[in-house]
Amino acid sequence: MDKVAAAIADPVRRRILELLRERRLTAGRIAEHFEISRPAVSRHLRVLRESGLVRDTLVGRERRYELDATRFDELNRWLSQFAQPERWERRFDALETEVHRTRRERRTGRSPNSREERTA
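Residue numbering for the sequence shown follows the numbering used here, starting at 99 and increasing by one per position.
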């Protein structure tokens, strides 16, 4: 996972991954999208290949690169522990309950601290 995280830390490599998400490309075709040298693109591709995010195949005399998204699974599992959508859902549900309670109290003219409300 550390190699994957290090590989996607660079914006050029993230853009390369986006390009490869659409189709297989040669290093030359990838380099056309950047204002950096072809050797620099090749170095970025090597980092991506060593991290397992990209694989290459030789087709005739051309080396074509393609995305291997399976390496994102481990990173996604690790990141998902921080998302905790159910925690936010509970908070939003509680907020919605409070909004409805406040609206109801305003309509009925009851104070939120009335004895009747506390015993309910």
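For glycine and all other residues, C-beta sits at the position ideal for the given N, C-alpha and C. Remember, predicted model here, so these are calculated numbers, not experimental data.
- For R122, same chain residues with a beta-carbon under 7 Å away, outside a window of 5 residues either side, are R162, Y163, E164 in chain order.
- Under DSSP, no beta-bridge partner is assigned to T168.
- Cβ atoms of V110 and S149 stay farther apart than 8 Å, at about 14 Å.
- One alpha carbon belongs to V197, the other to S178, and they sit about 30 Å apart.
- Straight across, the Cα-Cα distance linking H142 with T155 is about 17 Å.
- Residue pairing of T155 in beta bridges, as defined by DSSP: R162.
- Counting along the chain, S140 sits inside the alpha helix (DSSP H) bounded by residues 136-149.
- Taking the Cβ atoms as the reference, L146 lies roughly 15 Å from M99, outside the contact range of under 8 Å.
- In the DSSP assignment, A125 falls within the alpha helix (DSSP H) that extends over 125-129.
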